[in-house]
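K.L.:
In the UniProt record's numbering, the protein residues as written are 1 to 168.
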């Protein structure tokens with residue numbers, strides 16, 4: 001697994017769009033706002049804290065499904081989708097500080113999270129339309145893909161030291 005994660009660091013095909021995304025974020029968000037989103041005021045990044053909210057919500061959904069609490073499961077899927085927005089925004093703010101190898105991993109991390117979010121949106125849609133079993137399947141798929149995204153995020157943080165505030 002560690003080798004697979006490290007191999008993403010060599011994915012040079014994403015360099016051009018990765019750089020464009022960083023430029024877009026830097027151009028759209030004032031530096032002072034980026035500092036707030038990065039958690040400079042807190043002394044550590046906000047992104048790892050905020051990602052626990054949607055992931056925690058989505059991890060509870062299968063338990064609700066198994067206990068027949070369909071409405072609660074649907075609401076928790078929706079809550080997780082809503083909570084993914086601030087987690088994504090803080091991740092983008094941190095993204096602008098990354099070096100090339102870190103950006104490569106971050107782009108794949110973002111792509112996996114986007115696919116996961118799409119699965120969970122599809123889960124909500126099926127649940128909303130009365131297809132709880134299909135919704136449950138989409139939730140499990142989204143949760144599994146979220147695990148891959150989390151492994152990539154962990155690689156960024158622990159193996160590549162992304163988001164580590166070096167100044168005190």
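Backbone N, C-alpha and C define an ideal beta-carbon position, used for all residues, glycine too.
All values derive from a computational prediction rather than experimental measurement.
Counting only the same chain and skipping the five closest in sequence on each side, list residues whose C-beta sits under 8 Å from that of residue 8.
P.N.:
Taking the first residue of the chain shown as position 1, residue 8 is located at position 8. These residues qualify, in order along the chain: 104, 105, 108, 152, 155.
K.L.:
Are the beta-carbon atoms of residue 26 and residue 100 separated by less than 8 Å?
P.N.:
On the chain shown, residue 26 is found 26 positions in, with the first residue counted as 1. On the chain shown, residue 100 is found 100 positions in, with the first residue counted as 1. Result no, Cβ atoms of residue 26 and residue 100 do not sit closer than 8 Å.
K.L.:
State yes or no: is the C-beta of residue 94 within less than 8 Å of the C-beta of residue 38?
P.N.:
By 1-based counting over the chain shown, the position of residue 94 is 94. By 1-based counting over the chain shown, the position of residue 38 is 38. Yes; because the gap between Cβ atoms is below 8 Å, this pair is in contact.
K.L.:
Out of 98, 91, 75, state which residue places its alpha-carbon closest to the alpha-carbon of residue 49.
P.N.:
As a working mapping, residue 49 is identified with position 49 in the chain shown. Selected option, being the one with the closest Cα: 91.
K.L.:
Would DSSP call residue 144 helix, strand or coil?
P.N.:
In the chain shown, residue 144 corresponds to position 144, counting from 1. The answer is helix: DSSP assigns residue 144 an H, G or I state.
K.L.:
Would you say the region 61-68 touches the region 130-143, given that touching needs at least three Cβ pairs under 8 Å?
P.N.:
Because the criterion of three Cβ pairs below 8 Å is met, the region 61-68 and the region 130-143 touch.
K.L.:
Give every residue of the same chain whose Cβ lies closer than 6 Å to the Cβ of residue 115, excluding the five residues on either side of it in the sequence, and list them in chain order.
P.N.:
The residue given as residue 115 occupies position 115 in the chain shown. Counting only Cβ-Cβ distances below 6 Å, and skipping sequence neighbours, we find 145.
K.L.:
For a quick check, are the C-beta atoms of residue 80 and residue 54 less than 8 Å apart?
P.N.:
Residue mapping note: residue 80 aligns to position 80 of the chain shown, counting from 1. Residue mapping note: residue 54 aligns to position 54 of the chain shown, counting from 1. Result yes, Cβ atoms of residue 80 and residue 54 sit closer than 8 Å.
K.L.:
Quick one, are the C-beta atoms of residue 77 and residue 134 less than 8 Å apart?
P.N.:
As a position in the chain shown, residue 77 is number 77, starting the count at 1. As a position in the chain shown, residue 134 is number 134, starting the count at 1. No.
K.L.:
If you drop the 5 nearest sequence neighbours on each side, which residues of the same chain put their C-beta closer than 7 Å to that of residue 61?
P.N.:
In the chain shown, counting from the first residue as 1, residue 61 sits at position 61. Only 73, 76, 77, 139 meet the Cβ criterion.
K.L.:
In the structure shown, what three-state DSSP assignment does residue 103 receive?
P.N.:
Position 103 of the chain shown, counted from the start, is the residue given in the question as residue 103. Residue 103 falls in the helix class under three-state DSSP.
K.L.:
Residue 70 to residue 120, Cα distance in whole Å?
P.N.:
Within the chain shown, the letter at position 70 stands for residue 70. Within the chain shown, the letter at position 120 stands for residue 120. Each residue's Cα considered, the two are about 15 Å apart.
K.L.:
Whole alpha helix (DSSP H) runs in the UniProt domain "DUF2231" (43-164) with 4 or more residues, listed along the chain?
P.N.:
For the UniProt domain "DUF2231" (43-164), whole alpha helix (DSSP H) runs of length 4 or above, ordered along the chain, are 47-50, 52-66, 70-95, 100-128, 132-154.
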